[in-house]
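A.B. asks: If you're matching them up, the sequences are chains P and W in order.
Per my numbering, numbering of the first sequence is gapless, rising by one per residue and ending at 478.
Per my numbering, numbering of the second sequence is gapless, rising by one per residue and ending at 943.
Just so it is clear, CB atoms sit at the ideal spot from N, CA and C, and this is done for glycine as well.
Owing to the predicted nature of the structure, the values given are computational and were not obtained by experimental measurement.
Take this structure, written in structure tokens, and hold onto it; I'll ask about it next.
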Amino acid sequence: MALTLSSALRKTWQTLSSIKTGVILIILVVIFSAAGTIILQRPMTEPEDMQRAYSPAMLRLLDAAGLTDVFHARWFVALMILVSLSIIAASLERFPNAWRYYARPYKSPDEHFRRALPTQAQIPVKDEEHALDAVERALHKIGFKPERIVRTNSFSVFAERHRISEMAVYIVHASLLLIFLGGIVDALYGWRGFLMLTPGHQSSQIELRTGSTRTLPFAIRCDGAGEDTYADGTPKKYWSKLAVVADGREVGNKEIVVNDPLVYRGVRFYQSSYGRTGKLDKLILNVTPASGPRVNREISLSQNETVALDADTTVQLAEFIPDYVVEDGHVYSRSNEIANPAVRLVVTSAKKNSSVNYWLPEIPGIAENASSPYILEPKDLKTGVYTGLQVSHEPGQWAVWAGVVLMAIGLTFVFYVSHVRFWAVPVADSQGKRTLWVGGAANRNRDAFDVKFKHLVDEIHEELMAPPASAELETLKH
Amino acid sequence: MSRAKAEQQPATGTTLIVLVGLGIAFLLFMAFLNVVKSGPILNEANLLYAALIFYAGAGALYLGFGVTGTESYIKFASLATWAGLIANTGAVAHRWYEAGHPPFASLYEMLLSFVWTLAALTLIAEKRYGVKVIGTVTMPVAIVGVVLMQLLRSDVRPLVPALQSTWLHVHVTLAMLAYAACALSFALAMMFLIQDKMKTESFMAATGVFTLGIYIAILTRFERWGGLNVVAWDADNKQEMFLSRGVRLFVTIPDLGWLMLLVCATVAAPLALYILARVKRNENFLAIANRAVFVSILLQTLALVFFLLRARDGQYTSLDADGLYRTTLAASPFILSGLVAGIFANLLYLLLLWRRPDLERHLPGADALDRITYKTICIAFPLLTLMIAAGAYWANRAWGSYWNWDPKETWAAITWLVYAGYLHMRITRGWRGRRAAYFAILGFAVVMFTFFGVTYLLPGLHAYA
Chain P
1 MALTLSSALR KTWQTLSSIK TGVILIILVV IFSAAGTIIL QRPMTEPEDM
51 QRAYSPAMLR LLDAAGLTDV FHARWFVALM ILVSLSIIAA SLERFPNAWR
101 YYARPYKSPD EHFRRALPTQ AQIPVKDEEH ALDAVERALH KIGFKPERIV
151 RTNSFSVFAE RHRISEMAVY IVHASLLLIF LGGIVDALYG WRGFLMLTPG
201 HQSSQIELRT GSTRTLPFAI RCDGAGEDTY ADGTPKKYWS KLAVVADGRE
251 VGNKEIVVND PLVYRGVRFY QSSYGRTGKL DKLILNVTPA SGPRVNREIS
301 LSQNETVALD ADTTVQLAEF IPDYVVEDGH VYSRSNEIAN PAVRLVVTSA
351 KKNSSVNYWL PEIPGIAENA SSPYILEPKD LKTGVYTGLQ VSHEPGQWAV
401 WAGVVLMAIG LTFVFYVSHV RFWAVPVADS QGKRTLWVGG AANRNRDAFD
451 VKFKHLVDEI HEELMAPPAS AELETLKH
Chain W
479 MSRAKAEQQP ATGTTLIVLV GLGIAFLLFM AFLNVVKSGP ILNEANLLYA
529 ALIFYAGAGA LYLGFGVTGT ESYIKFASLA TWAGLIANTG AVAHRWYEAG
579 HPPFASLYEM LLSFVWTLAA LTLIAEKRYG VKVIGTVTMP VAIVGVVLMQ
629 LLRSDVRPLV PALQSTWLHV HVTLAMLAYA ACALSFALAM MFLIQDKMKT
679 ESFMAATGVF TLGIYIAILT RFERWGGLNV VAWDADNKQE MFLSRGVRLF
729 VTIPDLGWLM LLVCATVAAP LALYILARVK RNENFLAIAN RAVFVSILLQ
779 TLALVFFLLR ARDGQYTSLD ADGLYRTTLA ASPFILSGLV AGIFANLLYL
829 LLLWRRPDLE RHLPGADALD RITYKTICIA FPLLTLMIAA GAYWANRAWG
879 SYWNWDPKET WAAITWLVYA GYLHMRITRG WRGRRAAYFA ILGFAVVMFT
929 FFGVTYLLPG LHAYA
């Protein structure tokens, strides 16, 4: 029983670590993510739009299969976990070999290796020591640091460069896992929400995407918000002045704009939207007495505020209608957008015990503007603004960025840095003549390597032809 | 016979060079006359026009080389490409200076940068890797790009807040470089298939599938009673018209849908004949299929002409709103590029059909092409990775999340996965030759879908490009 269990485990491990499984998993991820971009997705699409796009039966089917929210479905998460496991298994399966290769470089090639190596050359030489010196000088010339290897029964020269390149694939795989880890941490512990503020107000209640509310241990106060536009009216900049309030005192502030959020204790506040609340902030009026001396006065009113015009008369802003329409002698608001605003002011005289409904603009049949002791003219209407803040907490993002940097490094090594090795061994050829065996290997970019190898062989020839030490000897012989 | 040909060629060769040279000189002279009247010489429009003329000259010479194989064309074609690139650089620099930001903010600016990258890569591929006929493919693309730019709104528009970020420039630059490298790997893979003795009719089938795909995509805008839906154009603001945030207003051009359906059928005909030939094992069908390709090119040209005539400044009704609305060519850049790309692909097929031996003679060997394709992807893949990373970082700063699974993002990830699959198969499984070439082609198809298809067919956050 134990034996079958272990064999089953081994089989699972082998399947998981095979490149075939990896590619099949990649294909599955591709298919399902493509489906997720073609089929309308739940949280982003309104339910009505979903019902319009698909028949009820179809929608039930899609919902049941989790295809209306692919990227958050359990089976998609499971698929991603399988991908991670496959990467881990494939890396672990191949890593020990690669590590051995990396940690203990093969420096002294035996006969078997020498026969099998594809890139090699044989140079006839007179003296072994002299030949190896020449190889060392030639290697120095092409920028390598040669190493003399002395074994009990042989001696040779070895040089290499960029051994780290053998590890590059594992760096890339590790970086991918790091990115996944960041994503998982964010999926488990991160949250995203929305906070709407009007200037002068503060809040610590974040409306989460999931529909629930989260209370922060600190509050955010909005000290102002606005929009700057270009000359042609297109928006140039949205800004909000935010302050962080903790334990009743301000602990920080920042003017945020799109692309530049406020960060406090790992919670990030982004400028997301900006608009008018449809509520009145201030109404500026020009007041003139209906009779008597024409003295102008400017007053400012906010909702329900009462201002005295003289000792006897007061005016109150009773009603603000952002988008008015008159029907059957009544005034209604068509929408909450400030498209066609109207205000109802009540001018009250204490002595006469009378009050007048003063409409701006004057609505015929309803307004009693004519009987007011004062003429009120609108000068300016200041409406309230709000700023919408996207709030997010992503504790895993540092793992993601670290993973990205690591991946960039890893890919650089994978594609552009190759592990180049050269060996030189003095041997006797089949006829027993002394020759120098020179071999080389590169793990990638073999075309460039072949050129380099030829260059090295040429250099060795050159060094053998003109050895400074034995130059006099040669001339003496002649 | 062969000697007669050898003697004959230099004569015709010189003729073409002289003709192209005269054409360039004539067009430049005409342009110069206009410029003298209108004032500043070195403005963007003039520079772009000069680039267009030189690219067209280079394209003609590269095509001449592709068809006749006269070596001397290449030298002049390179010279013309250099001249075009210099003018193009001037236009990019002018744009950058005027706008105060690198030219990546609108479709117009992205095309400007894309054409520049393409011309630069053409010269690199030619000089460094000796792939001389690459201009035959890339120069017509560059010409189409510059012509398309004339249709798009080109005035310097201030950047909306979300686009005011350095990371955007990094992201888009990387995207352009990566996509250009992918395009190059695609062209090289195609050349490999030619050198690898892939049957000419297989190329016909592939061209057929590609063109059919374009027309099916266009026909997703087919409206009842034979109309074709196109986006309405707001002439005052010079932009697409919106019903509400993110929802474009479509107008219906009557009868154009029927024409597209007809063209779609003629495009499908060679493909059907090819399948018939394979099933019945009868070569005769292939000859008919080649004629059908010819007919389909004529009809595609007809479709393009009618589209140009009907969509240019017309007024049409809409299903979603009352009244008449305008539309212009600039409102439908994707339909337009689809139509042009279809014709272009079929013309390339004709070039292959008629001049295959000449092409084979002038391309590098299959092994070399296979290796260069791999090298190009080795450049494209890290660029794709960094492009996605820069985009994620920007999204994190602008929208509060580094990954939103929006369609463009998802498809960028899919592209990345496809190339990752290619690399794994090549490195660990030793995939070479055909299979690797198919993979490279698939990768580029996904890139094209990410670039055009997602914008055109799928909704999402990436409303800017």
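In chain order, what residues of the same chain have a beta carbon less than 7 Å from the beta carbon of L652 (chain W), not counting five sequence neighbours either side?
C.D. replies: L861, L864, M865 and A868, listed in sequence order.
A.B. asks: Within a Cβ cutoff of 6 Å, which residues of the same chain sit near S17 (chain P), ignoring the five residues on either side of it in sequence?
C.D. replies: If we look at S17 (chain P) and ignore the five residues flanking it on each side, its Cβ neighbours are A89, A90 and E93.
A.B. asks: Please check if any C-beta of chain P sits within less than 8 Å of the C-beta of H572 (chain W).
C.D. replies: So no, H572 (chain W) is outside the interface.
A.B. asks: Please report the distance separating the alpha-carbon of G396 (chain P) from that of F320 (chain P).
C.D. replies: Approximately 48 Å, taken between the alpha carbons.
A.B. asks: Report, in whole angstroms, the separation of the C-beta atoms of Q205 (chain P) and T215 (chain P), which I expect to be a contact under 8 Å.
C.D. replies: The pair is a contact, with the Cβ atoms about 6 Å apart (cut-off 8 Å).
A.B. asks: Verify whether the separation of the beta carbon atoms of I857 (chain W) and Y900 (chain W) is less than 8 Å.
C.D. replies: No, the Cβ-Cβ distance between I857 (chain W) and Y900 (chain W) is not below 8 Å.
A.B. asks: Using a Cβ cut-off of 7 Å, pull out every chain W residue sitting near S33 (chain P), in sequence order please.
C.D. replies: Neighbours of S33 (chain P) on chain W, chain order: T888, A891 and I892.
A.B. asks: Pop quiz: V267 (chain P) and H393 (chain P) are said to be a contact at Cβ under 8 Å. What is the actual Cβ separation, rounded to whole angstroms?
C.D. replies: Contact flag correct, Cβ pair sits at about 5 Å.
A.B. asks: Does the structure place the stretch 123-139 of chain P close enough to the stretch 444-451 of chain P that three or more beta carbon pairs sit under 8 Å?
C.D. replies: Taking 8 Å as the limit for Cβ pairs, the verdict is that the stretch 123-139 of chain P does not touch the stretch 444-451 of chain P.
A.B. asks: Can you tell which of W:T906, W:N824, W:W889 and W:M903 has its C-alpha closest to the C-alpha of F922 (chain W)?
C.D. replies: Ranking the options by Cα distance to F922 (chain W), first place goes to W:W889.
A.B. asks: Could you check how far apart the C-beta atoms of F76 (chain P) and F32 (chain P) are, in whole angstroms? I think they sit under 8 Å.
C.D. replies: Their Cβ separation, rounded to whole angstroms, is 6 Å, which keeps F76 (chain P) and F32 (chain P) in contact under 8 Å.
A.B. asks: For the beta strand (DSSP E) that contains S550 (chain W), what are its first and last residues?
C.D. replies: Here S550 (chain W) belongs to no beta strand (DSSP E); instead the alpha helix (DSSP H) covers E549 to A577.
A.B. asks: Per DSSP, K282 (chain P) is paired with what?
C.D. replies: K282 (chain P) pairs with P:K382.
A.B. asks: Which class does W594 (chain W) belong to by DSSP, given the choice of helix, strand or coil?
C.D. replies: In the structure shown, W594 (chain W) sits in a helix (DSSP, three-state: H, G or I).
A.B. asks: Which residue comes first and which comes last in the alpha helix (DSSP H) that contains A219 (chain P)?
C.D. replies: Unbroken run through A219 (chain P) is the beta strand (DSSP E), T213 to T229; no alpha helix (DSSP H).
A.B. asks: For V258 (chain P), which three-state DSSP category applies?
C.D. replies: It is coil, neither helix nor strand.
A.B. asks: Which same chain residues end up closer than 8 Å to V896 (chain W) when comparing Cβ atoms and leaving out the 5 residues on each side of it in sequence?
C.D. replies: Here the set comprises F917, L920, G921 and V924.
A.B. asks: Pair every Cβ in the stretch 300-319 of chain P with every Cβ in the stretch 331-348 of chain P, then say whether three or more of these pairs are closer than 8 Å.
C.D. replies: The stretch 300-319 of chain P is in contact with the stretch 331-348 of chain P.
A.B. asks: Is there a Cβ from chain W that is less than 8 Å from the Cβ of Y270 (chain P)?
C.D. replies: Closer than 8 Å to some Cβ of chain W, the Cβ of Y270 (chain P) qualifies, so yes.
A.B. asks: Just how far apart, CA to CA, sit K675 (chain W) and L626 (chain W)?
C.D. replies: Whole-angstrom Cα-Cα distance: 35 Å.
A.B. asks: When the Cβ atoms of the stretch 351-360 of chain P are set against those of the stretch 244-259 of chain P, are three or more pairs found closer than 8 Å?
C.D. replies: Touching, no.
A.B. asks: Quick one: what's got a C-beta closer than 8 Å to A471 (chain P)'s C-beta in the same chain, skipping five residues either side?
C.D. replies: With a pLDDT of only 46 at A471 (chain P), under 50, the local geometry of the prediction cannot be trusted, and the value read off the model is given with reservation. Once the five neighbours on either side are set aside, A471 (chain P) has no close Cβ partner at all.
A.B. asks: Counting only the same chain and skipping the five closest in sequence on each side, list residues whose C-beta sits under 8 Å from that of A8 (chain P).
C.D. replies: Closer than 8 Å at Cβ, skipping near neighbours: no residue.
A.B. asks: Is the CB of V896 (chain W) under 8 Å away from at least one CB in chain P?
C.D. replies: Closer than 8 Å to some Cβ of chain P, the Cβ of V896 (chain W) qualifies, so yes.
A.B. asks: According to DSSP, is Y270 (chain P) part of a helix, a strand, or is it coil?
C.D. replies: Three-state DSSP puts Y270 (chain P) in a strand.
A.B. asks: Round the Cβ separation of R424 (chain P) and S156 (chain P) to the nearest angstrom and send it over; I've been treating them as touching at under 8 Å.
C.D. replies: Note on identity: in this sequence residue 424 (chain P) is Ala, with Arg being the wrong assignment. Yes, they are in contact, since the Cβ atoms of A424 (chain P) and S156 (chain P) sit about 6 Å apart, within 8 Å.
A.B. asks: Is DSSP giving P96 (chain P) helix, strand or coil here?
C.D. replies: Three-state DSSP puts P96 (chain P) in a helix.
A.B. asks: If you scan the stretch 693-761 of chain W from start to end, which runs of the alpha helix (DSSP H) of 4 or more residues do you find wholly inside it?
C.D. replies: Fully enclosed alpha helix (DSSP H) runs of 4 or longer: 734-758.
A.B. asks: Can you tell me whether W398 (chain P) is buried or exposed, with buried defined as 16 or more other CB within 10 angstroms of its CB?
C.D. replies: W398 (chain P) is exposed by the Cβ-count criterion.
A.B. asks: Tell me the rounded alpha-carbon separation between Q486 (chain W) and F554 (chain W).
C.D. replies: For Q486 (chain W), the predicted model reports a pLDDT of 40, less than 50, meaning its position is unreliable and no value from the coordinates is stated.
A.B. asks: Spell out the partners DSSP gives F194 (chain P) in its beta bridges.
C.D. replies: Bridge partners of F194 (chain P): P:E207 and P:Q390.
A.B. asks: Could you give the DSSP three-state label for E459 (chain P): helix, strand or coil?
C.D. replies: In the structure shown, E459 (chain P) sits in a helix (DSSP, three-state: H, G or I).
A.B. asks: Here's the rule: buried if 16 or more other CB atoms are within 10 angstroms of the residue's CB, otherwise exposed. What is F720 (chain W)?
C.D. replies: It counts as exposed.
A.B. asks: How many angstroms separate the CA atom of T475 (chain P) from the CA atom of S418 (chain P)?
C.D. replies: With a pLDDT of 46 at T475 (chain P), under the threshold of 50, the modelled position of this residue cannot be trusted, and the question is left open.
A.B. asks: Using the three-state DSSP reduction, which class does S18 (chain P) fall into: helix, strand or coil?
C.D. replies: Looking at S18 (chain P) - three-state DSSP - the assignment turns out to be coil, as it is neither helix nor strand.
A.B. asks: Nearest chain P C-beta to A653 (chain W) closer than 8 Å, yes or no?
C.D. replies: False, the Cβ-Cβ gap to chain P never drops below 8 Å.
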